[in-house]
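Engineer:
In this note's numbering, the protein residues as written are 120 to 315.
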């Protein structure tokens, strides 16, 4: 990795949780230079503008979450165990999110929805990828005959996703990890009672 690439990676890793926590509009260049210890020239020598930096910081945060989610899910031996692992991943998500500045999908989606079409398009793209992953997991469970063949994979994938994001929102706003703990239990119960 070249010195320039290392500097760029350092900037992204340093400002990603700050963008996530404060939002795009509240992130000034002075906050970026203060956090990184770099000059304005060093920042703009690596990024075309603040929007590009915000987008790359968002992608960095989401990729980290998805990497860790996938690693946790893939610990399951069967498709059904993997689907249940989605729920157990979120059991400790409140604590997991602290160093990220919150959930990047939720925070960035709400922040960018009304004023940043480029970033909200990227958020939607990641949402679609997550939904596809959940749909594929449910389809794998159906193929292995671990859940009912009549299960509507897309419907349940959407339900899981909006329940997850709702619990993340409530945990964050109320500063109470119990919402995430309850979500993990409820999702597993839902899988057992409604899908199997």
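Positions of the beta carbon are idealized from the N, C-alpha and C atoms, including for glycine.
#1: Just to confirm the assignment, what range does the alpha helix (DSSP H) spanning residue 199 have?
#2: Please check the pair residue 181 and residue 224, which I expect to be a contact at CB under 8 Å, by giving their CB distance rounded to whole angstroms.
#3: Mind checking residue 247: buried by the 16 CB within 10 Å criterion, or exposed?
#4: Quick check: the segment 158-166 against the segment 182-196, are at least 3 beta-carbon pairs closer than 8 Å?
#5: Give me the Cα-Cα distance between residue 153 and residue 134, rounded to the nearest whole angstrom.
#6: Indicate the three-state DSSP secondary structure (helix, strand or coil) for residue 167 in the structure shown.
#7: Is there contact here, the segment 287-307 with the segment 201-209, by at least three beta-carbon pairs under 8 Å?
#8: My guess is that residue 299 and residue 209 are in contact by the Cβ rule of under 8 Å, so how many angstroms apart are they, rounded?
#9: Could you tell me the distance, in whole angstroms, from the CA atom of residue 273 to the CA atom of residue 296?
#10: Along the chain, where does the alpha helix (DSSP H) containing residue 151 start, and where does it finish?
#11: Would you please state the rounded distance, in angstroms, between the beta carbons of residue 199 and residue 266? I believe it to be under 8 Å.
#12: Check for me: the alpha helix (DSSP H) holding residue 228 runs from which residue to which?
#13: Excluding the five sequence neighbours on either side, which residues of its own chain have a C-beta within less than 8 Å of the C-beta of residue 144, listed in chain order?
#14: Between which two residues does the alpha helix (DSSP H) harbouring residue 244 extend?
#15: Leaving out the 5 sequence neighbours to the left and right, which residues in its chain are closer than 6 Å to residue 222 when beta-carbon positions are compared?
#16: My understanding is that residue 276 touches residue 250, with C-beta atoms under 8 Å, so please give their C-beta distance in whole angstroms.
#17: Classify residue 282 as helix, strand or coil using the three-state DSSP reduction.
#18: Could you give the distance in angstroms between the alpha-carbon of residue 174 and the alpha-carbon of residue 252?
#19: Whose C-beta lies closer than 8 Å to the C-beta of residue 140 among residues of the same chain, with five residues either side of it excluded?
#20: Comparing alpha-carbon positions, which option in 314, 151, 166, 137 lies nearest residue 258?
Structural biologist: Answer, in terms of the structure:
#1: 198-208
#2: 6 Å
#3: exposed
#4: no
#5: 10 Å
#6: coil
#7: yes
#8: 6 Å
#9: 28 Å
#10: 148-155
#11: 7 Å
#12: 223-231
#13: 230, 234
#14: 236-262
#15: 216, 287
#16: 5 Å
#17: helix
#18: 22 Å
#19: 220, 221, 226
#20: 314
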